[in-house]
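Take a look at the structure set out below.
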Amino acid sequence: MLNSEIKEEMKKIAVKNAIEYGKARQSAVISKILSKFPDLKANMKQLSEEAAEIVDRINSTDRRQLENDAERYAEEFKREDADRAERSAQHKFELEGADIGRFVTRFPPEPNGYMQIGHAKAAWIEREFTDKYKGRMALYFDDTNPEKEKQEFVDAIRRDMKWLGIAYDTEYFSSDNIDIMYSYAEKLIEGGKAYVCSCTADKIKEGRMQGTRCVHKRQKIEKNIKLWREMLNSNGGAEGMILRLNADLKDDNTTMRDPTLFRVKEGMHYRQGTKYSVWPTYFFNTPIVDSIKGITDVIRSKEFELVDELYFYILDCLGLRKPRVHSIARLEIKDNLTSKRKINDLIARGLLWGYDDPRLVTIAGLRRRGILPAAIKSFVMRFGMSKNDSEVSIEMLLAENRKLIDAISKHMFFVEKPVKVVVQGIPEDMRDIKIKLHPGTGMGYRRYRLSNTFFINMYDASKLTKGAQIRLKDAFSIVVRYLDGNQITAEYIKDGSGNDSAKVQWVNEGNYMACKIYEIKDLLAGDEFNSSSMIVKEGYIESHAESLDVGEVVQLERTGYFKLDNKDGFAFISL
Ligand SMILES: [Zn+2]
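Numbering-wise (the working numbering), the sequence shown opens with residue 2 and increments by one.
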């Protein structure tokens, strides 16, 4: 029998079908239910009988009753339609209005921190559209805040883009265009579209909240020009003066309530030195740089939608060409952090190694953890142009990565909390051993000369009793003779007896070295730092690990995938 949930679903489909086409059809009900529950294909006979019965019943119901039923389902129908539209938008991967051969976009990081996975999503989407529309892509450093930006971050962003494999055709900086910004500011002032204000921050905030203007909004244009020149010529002495857009303090869109366009910021800019002390804000800068650099299509995350009106308004005031703006959802990783302030705080408290800590979803952190660029790409691209904000588990990215590393990672044995096992009676011809580096072929072997002394994991050892037979994996079977505190004595037995209770990983004396593995867990527990986010385990790894390169990924059998982080203490990081 089909369960009641499925029957209810079929009835719903039939009702909808009947309302839309006058009559419900059995084939429509079947194909729709199968697309929702593909497993039902195994019960086709039953399914078509049930569908026939439901369709008959619906088709003999009078229209008024049907409309009542449909009304009951209306909310669900609406939600399903919306979901479908969303899914097809995701699949469509198109930008409205974009032209092949006439497409220019940009990736606009502010060099005030490291790239993280959300940036990688934006940059990959921009790259993919650039290829699709045969256009050009720029890396645009939006750097007009001397207090926060650093060359170190510019270099890190370039390095991360390169490592991710995201090519771009050109590179430019906001801060190289400050003189042009000044001339556009002057144009706004001359047109009565901007004024110099020296109110306190609190006063400005209050005015925006209550929709009340300050005395400066009524200043004459000549006065504003004079004050603006004073700002520019004060060498930073005009602190507290800002240039504001002369818009509407009562606007429903709060970003339109006379936003700040320029402010005085003293100090050394990493690129421009002390050349400027009056700096444009993001609001002013971005539309103008986009327009003059020939950007045709801007892709930015949905939370900036409110800023669009301001973006276009400024271009209108200045008579500049307007790019098309498209929005996408923001990508957040559950129980992780991207806030620079919070990350800096954890680094300062010694709880994180740095911006490349493998617990972080910075690109540097993911690289250090052993995530491949291709895994990052397929992970971020699956969200495509969806506008549904998503907070996803890192597990999804790790799974994507495992698909790629499985075939290329060497297998090795790791023994945590080693317990000594002395094996007697090993025949001479069993002492030279070779084990495949990968169960598939082609990767070669690890070869060892075996002595009588082995080490196995304490958990495996704790299960052994006298007389127990186990297999030392990929070597031979042994039977336990004595258990004596910290040591087990066992005897070699010939294969084929088939009585092994377990296969255990091992290392042999003379063929191992001490190592450390870092197991990575979620960075946060609730809103707090998870003090168990990194668990260190110590043990022995077989000596073939010596031949691994730093950065190489291995599968430690029965423990998981790990990346060799450094060779000093043979430290591995979990994947
Ligand atoms: Zn004012």
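For every residue, glycine included, the Cβ atom is placed at its ideal position computed from N, Cα and C.
Checklist entry - Roughly how many angstroms lie between the CA atoms of residue 377 and residue 76, to the nearest whole one? => result Numbered from its first residue, the sequence shown carries residue 377 at position 376. Numbered from its first residue, the sequence shown carries residue 76 at position 75. Distance between the alpha carbons of residue 377 and residue 76: 37 Å.
Next on the checklist: Between which two residues does the beta strand (DSSP E) holding residue 542 run?
Outcome noted: Your numbering for residue 542 matches position 541 in the sequence shown. Residues 535 to 543.
Next on the checklist: Considering only the alpha carbon of each residue, which of 300, 223, 187 lies closest to residue 262?
Outcome noted: In the sequence shown, counting from the first residue as 1, residue 262 sits at position 261. The option with the nearest alpha carbon to residue 262 is 187.
Item to check | beta strand (DSSP E) segment containing residue 106, residue limits | outcome: The residue given as residue 106 occupies position 105 in the sequence shown. Where residue 106 is concerned, the enclosing beta strand (DSSP E) starts and stops at 105 to 108.
Next on the checklist: Out of 483, 456, 337, which one is the CA nearest neighbour of residue 530?
Outcome noted: Along the sequence shown, one-based indexing puts residue 530 at 529. Looking at the Cα atoms, 337 is the closest of the given residues.
Next on the checklist: Suppose contacts are defined by Cβ-Cβ distances below 7 Å. Is residue 508 in contact with residue 541 by that definition?
Outcome noted: As a working mapping, residue 508 is identified with position 507 in the sequence shown. As a working mapping, residue 541 is identified with position 540 in the sequence shown. Closer than 7 Å, so yes.
Checklist entry - When we look at the beta-carbon of residue 101 and count the other beta-carbons within 10 Å, is it buried (16 or more) or exposed? => result In the sequence shown, the residue the question calls residue 101 occupies position 100. Exposed: under 16 other Cβ atoms inside 10 Å.
Checklist entry - How big is the Cα-Cα spacing for residue 450 and residue 393? => result Start at 1 with the first residue of the sequence shown, and residue 450 comes out as number 449. Start at 1 with the first residue of the sequence shown, and residue 393 comes out as number 392. A straight line joining the alpha-carbon of residue 450 with that of residue 393 spans about 47 Å.
Item to check | Other residues of its chain near residue 30: CB distance less than 8 Å, five sequence neighbours each side excluded | outcome: For this step, residue 30 is matched to residue 29 along the sequence shown. The beta carbon of residue 30 sits closer than 8 Å to those of 11, 14, 15, 18, 52, 55, 56, all from its chain and outside the five residues before and after it, given in chain order.
Checklist entry - Just to confirm, does residue 217 get its C-beta within under 6 Å of one of the non-hydrogen atoms of ligand 1? => result If you number the sequence shown from 1, residue 217 lands on position 216. At least one heavy atom of ligand 1 is nearer than 6 Å to the Cβ of residue 217, so yes.
Checklist entry - Which whole runs of the alpha helix (DSSP H) in the region 56 to 143 are 4 residues long or more, in chain order? => result For the region 56 to 143, whole alpha helix (DSSP H) runs of length 4 or above, ordered along the chain, are 64 to 93, 118 to 133.
Next on the checklist: So for residue 482, helix, strand or coil by DSSP?
Outcome noted: Here residue 482 refers to the residue found at position 481 of the sequence shown. Secondary structure of residue 482 (DSSP, three-state): strand.
Next on the checklist: For residue 35, tell me which candidate among 22, 49, 229 has the shortest Cα-Cα distance.
Outcome noted: In the sequence shown, the residue the question calls residue 35 occupies position 34. Relative to residue 35, the option among 22, 49, 229 whose CA is nearest is 49.
Checklist entry - Is it buried or exposed for residue 483, if we count other Cβ within 10 angstroms and need 16 for buried? => result In the sequence shown, the residue the question calls residue 483 occupies position 482. Here residue 483 is exposed. Its C-beta has fewer than 16 other C-beta atoms within 10 Å.
Checklist entry - In this structure, what does DSSP give as the bridge partners for residue 391? => result As a working mapping, residue 391 is identified with position 390 in the sequence shown. Beta-bridge pairing links residue 391 to 332.
Item to check | Close Cβ partners of residue 124 (< 6 Å) along its chain, the five nearest in sequence each way excluded | outcome: Here residue 124 refers to the residue found at position 123 when the sequence shown is read from its first residue. So the list reads 108, 167, once near-sequence residues are dropped.
Item to check | DSSP bridge partner residues for residue 554 (one or two, in chain order) | outcome: For the purposes of this step, residue 554 is taken as residue 553 along the sequence shown, with counting starting at 1. DSSP lists 564 as partners of residue 554.
Item to check | Anticipated Cβ contact below 8 Å, residue 290 with residue 513, distance rounded | outcome: The residue you call residue 290 lines up with position 289 of the sequence shown. The residue you call residue 513 lines up with position 512 of the sequence shown. Rounded, the Cβ-Cβ distance is 58 Å, inconsistent with contact.
Checklist entry - Is residue 74 near residue 152, with beta carbons less than 7 Å apart? => result Position 73 of the sequence shown holds residue 74. Position 151 of the sequence shown holds residue 152. Contact flag unset, no.
Checklist entry - residue 532: buried (16+ other C-beta within 10 angstroms of its C-beta) or exposed? => result Numbered from its first residue, the sequence shown carries residue 532 at position 531. So residue 532 counts as exposed.
Checklist entry - Which two residues bound the contiguous alpha helix (DSSP H) that contains residue 318? => result Numbered from 1 along the sequence shown, position 317 holds the residue referred to as residue 318. Looking at the DSSP string, the run of the alpha helix (DSSP H) that includes residue 318 is 306 to 319.
Checklist entry - Rounded to the nearest angstrom, how far is the Cβ of residue 576 from that of residue 399, given a contact under 8 Å? => result Position 575 of the sequence shown, counting from 1, holds the residue named residue 576. Position 398 of the sequence shown, counting from 1, holds the residue named residue 399. The distance from the Cβ of residue 576 to that of residue 399 is about 6 Å, consistent with a contact at the 8 Å cut-off.
Checklist entry - Given a threshold of 16 other Cβ atoms within 10 Å of its Cβ, counted over all protein chains shown, does residue 307 qualify as buried or as exposed? => result Taking the first residue of the sequence shown as 1, we reach residue 307 at position 306. Classification of residue 307: exposed, given that the 10 Å Cβ count is below 16.
Item to check | Closer than 6 Å: residue 318 CB and nearest ligand 1 heavy atom | outcome: Position 317 of the sequence shown, counted from the first residue, corresponds to residue 318. No - ligand 1 has no heavy atom lying nearer than 6 Å to the Cβ of residue 318.
Item to check | residue 472, enclosing beta strand (DSSP E) - first and last residue | outcome: Residue numbering aside, residue 472 sits at position 471 when the sequence shown is read from its first letter. In the DSSP assignment, residue 472 falls within the unbroken beta strand (DSSP E) covering 470 to 473.
Next on the checklist: When you compare the CB positions of residue 631 and residue 119, do they come within less than 7 Å of one another, or not?
Outcome noted: For residue 631 there is no data in the structure shown, the boundaries of the chain being 2 and 576.
Next on the checklist: If the criterion is Cβ atoms closer than 7 Å, does the pair residue 412 and residue 556 meet it?
Outcome noted: Start at 1 with the first residue of the sequence shown, and residue 412 comes out as number 411. Start at 1 with the first residue of the sequence shown, and residue 556 comes out as number 555. Yes. Within cutoff.
Item to check | Completely contained alpha helix (DSSP H) runs for the region 161 to 244, where each covers 4 or more residues | outcome: Entirely contained in the region 161 to 244, the alpha helix (DSSP H) runs reaching 4 residues are, in chain order, 179 to 191, 202 to 211, 222 to 234.
Item to check | Same chain, Cβ closer than 7 Å to residue 331, neighbours up to 5 away in sequence not counted | outcome: Locating residue 331 in the sequence shown gives position 330, counting from the first residue. Cβ within range, chain order: 119, 302, 303, 304, 390.
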